[in-house]
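Chemist:
There are 2 protein chains.
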Amino acid sequence: VTRGIPESTVRRLSHYLRSLEEFEREGGGTVASEELAVRGQTTAAQVRKDLSHFGSFGKRGLGYQVDELRVSLQQILGVDRIWRVALIGAGRIGLALFEYPAFKSRGYECVAIFDADPEKIGTTWGDLVISGPDELESVIPDLMVELVILAVPASAAQEMASRAVDVGIKGILNFAPIRLDVPSSVPVEDVNLVMELEALSFAITQSGRDE
Amino acid sequence: VTRGIPESTVRRLSHYLRSLEEFEREGGGTVASEELAVRGQTTAAQVRKDLSHFGSFGKRGLGYQVDELRVSLQQILGVDRIWRVALIGAGRIGLALFEYPAFKSRGYECVAIFDADPEKIGTTWGDLVISGPDELESVIPDLMVELVILAVPASAAQEMASRAVDVGIKGILNFAPIRLDVPSSVPVEDVNLVMELEALSFAITQSGRDE
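In order, the protein sequences belong to chains A and B. The opening residue of the first sequence carries number 30 in the working numbering; numbering runs sequentially from there. The opening residue of the second sequence carries number 30 in the working numbering; numbering runs sequentially from there.
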């Protein structure tokens, strides 16, 4: 949560950006908050409220200029630039993420990979040589890494996160199933796949009880 | 959101369950809401509030019986049983998920895999033969699949989701970067990896503006 802006608002901003990119491919022009609402599965009032956190966009009765709002949302979300990313953990999840095409196309560029397995250290993925964990303190500053994707076992996650924070990384996408203890100035986004499935089985179980 | 219970509460229930499992391995007995709060990075009052949605647990001054509360949370989250899961999409993300050890150990058992690639159809992952999308309407009911992990490209996601819903699946873990349009009775959990990174770059960018 930043500046008191709820996480759900940030998610919707991402959806609005996707929609604006689609509108632009379809010809651009202007778009009403109602149209953004339909694609974002929300209400026009919510669209206007979400955007109002960040300034005054659009004109009453005329809607938003598609290209202008797209640029503004890119700036707000911080995706009007390249982010240099290190992948810590070159296992199966790490590989799937490394090869995920949308990361690079969205400006998240993997510039370093770390793994503790001696058989992996020194081998290459694409153009990148996999480094050992001992090299973290030199590689991260040298390559000006800002974001870390943490895809190591739970037992190694806290140490790797703390060491990466100590050498200046600014944010962590955490796939390890633990809550990381890092300074509040370093945002962490947790992707816990078991908890996602538990949220599903919770919803199904509880709705069954209501019937 | 089920019965008005916020998603954040469900996440914390998952964390409490993890903590209770740890306490049990460490010997069990009783645990105070303060101890659950520390491991869940929340407050004791929040722990009590979260649990109060689901009944009366623990005794004032004595705390919670670890094993009893663990069993209750498993029932609440619907993880006191096996869930039969189909993986739709046998790409890189699909493979990483299929091999993710925590899924099976938590009771989420993959019983079917689908992919549209003719070169993959008929090949095996573990004990499972990959089926073609045409087989979805027969395989899902035959194997009593309840949950779907959807890891197909955005262009195929809605069709696959709708067809799976039509043959009775109860919930979807969606990795495709679109909002699925399915009946509200079928819960969907979205895992959008680009949006997770955007939430990070948003937080970093906005906190920079505050300084």
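Built from N, CA and C at the ideal position, the CB exists for glycine as well.
(1) Helix, strand or coil, according to DSSP, for I207 (chain B) in the structure here?
(2) Going by the DSSP bridge assignment, what does E138 (chain B) pair with across the sheet?
(3) Determine, for Y137 (chain B), whether the minimum Cβ-Cβ distance to residues of chain A falls below 9 Å.
(4) Who pairs with T59 (chain A) in a beta bridge, going by DSSP?
(5) Mapping DSSP to helix, strand and coil, what is E164 (chain A)?
(6) Measuring alpha carbon to alpha carbon, tell me which residue in A:S62, A:C139, A:V67 is nearest K88 (chain A).
(7) Identify the contact partners of M224 (chain B) in chain A, using a Cβ-Cβ distance below 7 Å as the criterion.
(8) Is the Cβ of R113 (chain B) closer than 9 Å to any Cβ of chain A?
(9) From the beta carbon of V181 (chain B), is the nearest beta carbon of chain A less than 9 Å away?
(10) Using only alpha-carbon positions, find the residue among A:R135, A:L126, A:D96, A:I117 that is nearest to F204 (chain B).
(11) Compute the Euclidean distance between the alpha carbons of L124 (chain B) and D144 (chain A), then round it to the nearest angstrom.
(12) Output, in chain order, the set of chain B residues within a Cβ distance shorter than 7 Å of V108 (chain A).
(13) Using DSSP with H/G/I as helix, E/B as strand and the rest coil, what is D219 (chain A)?
(14) DSSP state of K78 (chain B), grouped into three classes?
(15) Do L176 (chain B) and S230 (chain A) count as a contact pair if the criterion is CB distance below 9 Å?
(16) When DSSP labels each residue in this structure, what does K88 (chain A) get in the three-state scheme?
(17) Excluding the 5 residues flanking V168 (chain B) on each side, which residues of the same chain have their C-beta closer than 8 Å to its C-beta?
(18) Kindly indicate the opening and closing residues of the alpha helix (DSSP H) around L49 (chain B).
(19) Counting only C-beta atoms, is L126 (chain B) closer than 9 Å to chain A at any point?
(20) Can you say whether T152 (chain B) is buried or exposed, counting buried as having 16 or more other CB atoms within 10 angstroms of its CB?
(21) What does R121 (chain B) touch in chain A if you count any residue whose Cβ is under 8 Å from its own?
(22) In whole angstroms, give me the CA-to-CA distance for I277 (chain B) and V39 (chain A).
(23) Using DSSP with H/G/I as helix, E/B as strand and the rest coil, what is V194 (chain B)?
(24) Check whether the Cβ atoms of G200 (chain B) and P212 (chain B) lie closer than 9 Å to each other.
(25) Got a sec, what are the start and stop residues for the beta strand (DSSP E) I178 (chain B) sits in?
(26) For chain A, check one thing: does any of its Cβ atoms lie closer than 9 Å to the Cβ of L172 (chain B)?
(27) Taking 9 Å as the threshold (beta carbon to beta carbon), is F86 (chain A) in contact with chain B?
(28) Just confirm the distance between the C-beta atoms of Q75 (chain B) and R208 (chain A), as a whole number of angstroms; I'd bet it's less than 8 Å.
(29) I want to verify the contact list: residues of chain B whose CB lies under 8 Å from the CB of T72 (chain A), in sequence order.
(30) Quick one: measure Cβ to Cβ for R54 (chain A) and D79 (chain A), integer angstroms, because I've assumed they're closer than 8 Å.
(31) Strictly below 8 Å CB to CB, what residues from chain A border P206 (chain B)?
Modeler: Looking at the coordinates:
(1) Walking along the second sequence from the start, residue 207 (chain B) turns up at place 178. Note: I207 (chain B) maps to coil in three-state DSSP.
(2) To locate residue 138 (chain B), count along the second sequence from 1; it is residue 109. DSSP, once it has assigned bridges, lists B:R113 as partnering E138 (chain B).
(3) On the second sequence, position 108 is the one that residue 137 (chain B) refers to. With 9 Å as the cut-off, Y137 (chain B) counts as an interface residue toward chain A.
(4) Mapped onto the first sequence, residue 59 (chain A) falls at position 30. Paired residue(s): A:Q94.
(5) Numbered from 1 along the first sequence, position 135 holds the residue referred to as residue 164 (chain A). Residue state, collapsed to three classes: helix.
(6) The residue given as residue 88 (chain A) occupies position 59 in the first sequence. For K88 (chain A), the nearest C-alpha among the options comes from A:S62.
(7) Along the second sequence, read from residue 1 onward, the residue named residue 224 (chain B) stands at position 195. Those are R40, S43, listed as they occur along chain A.
(8) In the second sequence, counting from the first residue as 1, residue 113 (chain B) sits at position 84. With 9 Å as the cut-off, R113 (chain B) does not count as an interface residue toward chain A.
(9) As a working note, residue 181 (chain B) is residue 152 in the second sequence. V181 (chain B) does not count as touching chain A.
(10) Here residue 204 (chain B) corresponds to residue number 175 of the second sequence, with the count starting at 1. Considering only alpha carbons, the answer is A:L126.
(11) Taking the first residue of the second sequence as position 1, residue 124 (chain B) is located at position 95. Taking the first residue of the first sequence as position 1, residue 144 (chain A) is located at position 115. Here the alpha carbons of D144 (chain A) and L124 (chain B) stand approximately 20 Å from one another.
(12) Here residue 108 (chain A) is taken as the residue at index 79 of the first sequence, counted from 1. Those are E227, S230, listed as they occur along chain B.
(13) What you label residue 219 (chain A) is simply residue 190 of the first sequence in a count that begins at 1. Residue state, collapsed to three classes: strand.
(14) As a first step, residue 78 (chain B) is located in the second sequence; it is residue number 49 there, counting from the start. DSSP, read as helix, strand or coil, puts K78 (chain B) in helix.
(15) Taking the first residue of the first sequence as position 1, residue 230 (chain A) is located at position 201. Taking the first residue of the second sequence as position 1, residue 176 (chain B) is located at position 147. The answer is yes: Cβ separation under 9 Å.
(16) Numbered from 1 along the first sequence, position 59 holds the residue referred to as residue 88 (chain A). Strand.
(17) Position 139 of the second sequence, counting from 1, holds the residue named residue 168 (chain B). The answer, listed in chain order, is A115, A141, F143, S160, V174.
(18) Indexing the second sequence from 1 puts residue 49 (chain B) at position 20. Note, L49 (chain B): alpha helix (DSSP H), 36-54.
(19) Position 97 of the second sequence holds residue 126 (chain B). Taking Cβ atoms only, chain A reaches closer than 9 Å to L126 (chain B), which makes this a yes.
(20) The count along the second sequence starts at 1 and reaches residue 152 (chain B) at position 123. Exposed, since its Cβ has fewer than 16 Cβ neighbours within 10 Å.
(21) Residue mapping note: residue 121 (chain B) aligns to position 92 of the second sequence, counting from 1. Within 8 Å Cβ-Cβ: L124, A125, E128, Y129.
(22) For chain B, the structure presents residues 30 to 240; residue 277 (chain B) sits outside this window and is missing.
(23) Start at 1 with the first residue of the second sequence, and residue 194 (chain B) comes out as number 165. Helix.
(24) Here residue 200 (chain B) corresponds to residue number 171 of the second sequence, with the count starting at 1. Here residue 212 (chain B) corresponds to residue number 183 of the second sequence, with the count starting at 1. Contact: no.
(25) Taking the first residue of the second sequence as 1, we reach residue 178 (chain B) at position 149. Element bounds for I178 (chain B): 176-179.
(26) What you label residue 172 (chain B) is simply residue 143 of the second sequence in a count that begins at 1. With 9 Å as the cut-off, L172 (chain B) does not count as an interface residue toward chain A.
(27) Taking the first residue of the first sequence as position 1, residue 86 (chain A) is located at position 57. F86 (chain A) does not count as touching chain B.
(28) Walking along the second sequence from the start, residue 75 (chain B) turns up at place 46. Walking along the first sequence from the start, residue 208 (chain A) turns up at place 179. Not a contact, Cβ separation roughly 14 Å.
(29) Counting from 1 along the first sequence, the entry for residue 72 (chain A) is found at position 43. Going along chain B, no residue has its Cβ under 8 Å from T72 (chain A), so there is no contact; the nearest lies around 14 Å.
(30) The residue given as residue 54 (chain A) occupies position 25 in the first sequence. The residue given as residue 79 (chain A) occupies position 50 in the first sequence. So it is not a contact: roughly 22 Å between Cβ atoms.
(31) If you number the second sequence from 1, residue 206 (chain B) lands on position 177. What P206 (chain B) touches in chain A: R47, A131.
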